[in-house]
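In what follows, a single structure is set out as structure tokens and then discussed.
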């Protein structure tokens, strides 16, 4: 009987991780690039992957974990296929960002920094997206959507299903 697809994908991911290790072997200061590339392979940083990185480059796990939790670019939990970033900056706040966030949150059934069970969406808040003239604003993946109302935001998100 062959392994299930998830096991085959996991095996392929660990093979890619080994290639990343080979790329950075004996490179001083490789911890952050290793974490970045490992996250690219797995979509987040599982604990066992961080332990392997620590072993590979000979640093304590506490240092690897400390770096991974210090920088906001690293994620320790699986994330959704679509990342929704809701702006909470001043211009967006004044123009109703809280209601827009609440509508999307309610529609998806998740709160701030949570991922839907089917891993389609991760809902995050950010301090500013730099599109104040379009407030309230959100990004879905790399697409910016502005002048949102609660209903408009929910309909935009549905387009990414």
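Residue numbers (my numbering): 3 to 163. Beta carbons: idealized from backbone N, C-alpha and C, even for Gly.
- Taking the CA atoms as reference points, residue 136 sits about 5 Å from residue 149.
- Residue environment: residue 78 is assigned as exposed (fewer than 16 neighbouring CB atoms within 10 Å of its CB, all protein chains considered).
- For the pair residue 92 and residue 21, the Cα-to-Cα distance works out to about 44 Å.
- In this structure residue 43 is in contact with residue 19, their Cβ atoms being roughly 6 Å apart against a cut-off of 8 Å.
- DSSP links residue 128 through a beta bridge to 89.
- Here residue 29 is exposed: its Cβ has fewer than 16 other Cβ atoms, across all protein chains shown, within 10 Å.
- Each residue's CA atom was taken as its position, placing residue 151 and residue 141 some 14 Å apart.
- The C-alpha of residue 138 is placed about 7 Å away from the C-alpha of residue 95.
- In this structure, residue 85 sits away from residue 118, with a CB-CB distance that is not shorter than 9 Å.
- Of the residues assessed, residue 72 falls on the exposed side of the cut-off, its CB having fewer than 16 other CB atoms within 10 angstroms.
- Across the structure, residue 104 and residue 128 are spaced so that their CA atoms are roughly 15 Å apart.
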